[in-house]
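**Student:**
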Amino acid sequence: MARVNFREVRDRFRHIDGEFVDCSLSLPEGEPFFRVRFYAWWEHPLFVESQKNGTGWGFSDYSDGFRVMTIYPVGLRQFDVSTEMDATDIAFLPSHPLLWEYENEGEIFCNVELSPLQAVQMVDEVSRKLDWEWQDIGSLADAVGRTYRYGSASTFSLGRFPRTVYHAVREYLDRQSIPYFTPGEPKSQSLPVIFLCDESKIIAEDFEVDVPDFEHRPEWFAPSGERVRNLEN
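The numbering of the sequence shown is our numbering, which starts it at 27 and goes up by one.
1) Excluding five sequence neighbours on each side, which residues of the same chain lie with their C-beta closer than 7 Å to the C-beta of Glu-225?
2) I'd like to check one pair, Val-219 with Ile-229: are the Cβ atoms closer than 9 Å?
3) Following a CB-centred definition, is Ser-141 positioned closer than 8 Å to any heavy atom of the ligand SAM?
4) Going by Cα to Cα distance, which pick from Ala-66, Glu-34, Ser-52, Glu-57 is closest to Ile-42?
5) Using only the alpha-carbon positions, how far apart do Thr-190 and Gly-56 sit?
6) Under three-state DSSP, which class holds Glu-258?
7) Work out the CA separation of Phe-118 and Asp-157 for me, nearest whole Å.
8) Using 8 Å as the threshold, is the region 79 to 86 in touch with the region 229 to 248, meaning 3 or more CB pairs across them?
9) Are the Cβ atoms of Arg-314 and Asp-239 separated by less than 9 Å?
10) Just to check my reading of the structure: Ile-134 and Tyr-206 have Cβ atoms closer than 8 Å, yes? What is that Cβ distance to the nearest angstrom?
Structure below.
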């Protein structure tokens, strides 16, 4: 096995079609880890050849090929892990809505009266641009509440927004020619990384991965016959 940074393997492992093994995620002591077990069927030489040639493919029982891969969060920040799950898809993402809370924030003051309906329209458009439900973006939900309370004033604070949301709100206000004021631009900063495994989430400063050595037996590749398992279906 070779322990490497996640950036060296994140494109290699995505749809792993595996299973959760175990984990230990503690703050702040101990070395946290998260283990999954799978077989890298997409790396089987005969499968790779079939993809190049455009020929049929399938697999028989390859359970002997399963190996355990361990993910080590470095600088663990937070986690939400379900042990009642498969391990079908995994991803290491340096950009994700759940990382916005780690961004610097900027405040936006609206310099005109704003109705609750206008606020809902604003957050609805902004959330569509961000591809995330506005009810799940705390700063946008707060902006609606602040408009209910203070929107009849000629100047009021829409709230403080993480940098990504801040710029999306400003772009909307500019398009709608709504006057506003910002005391200062939130600065860009390095962010942690999020690891996703189906419904489980781990956020850390970085991740290292202990990658297993996979064996690929010729008899596991079986493009025809009763024992075929076509993984596209």
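The beta-carbon is built from N, C-alpha and C at its ideal position, and this holds for glycine as well.
**Tutor:** So, to answer that:
1) Ser-108, Met-111
2) yes
3) The ligand SAM is absent from the structure shown, which contains no ligands of any kind.
4) Ala-66
5) 33 Å
6) Per-residue confidence for Glu-258 stands at a pLDDT of 47, beneath the threshold of 50, marking its modelled position as unreliable; the derived number appears in the next sentence. In this structure, Glu-258 counts as coil in the three-state DSSP scheme.
7) 19 Å
8) yes
9) The requested residue 314 is not part of the displayed model; the chain covers only 27 to 259.
10) 6 Å
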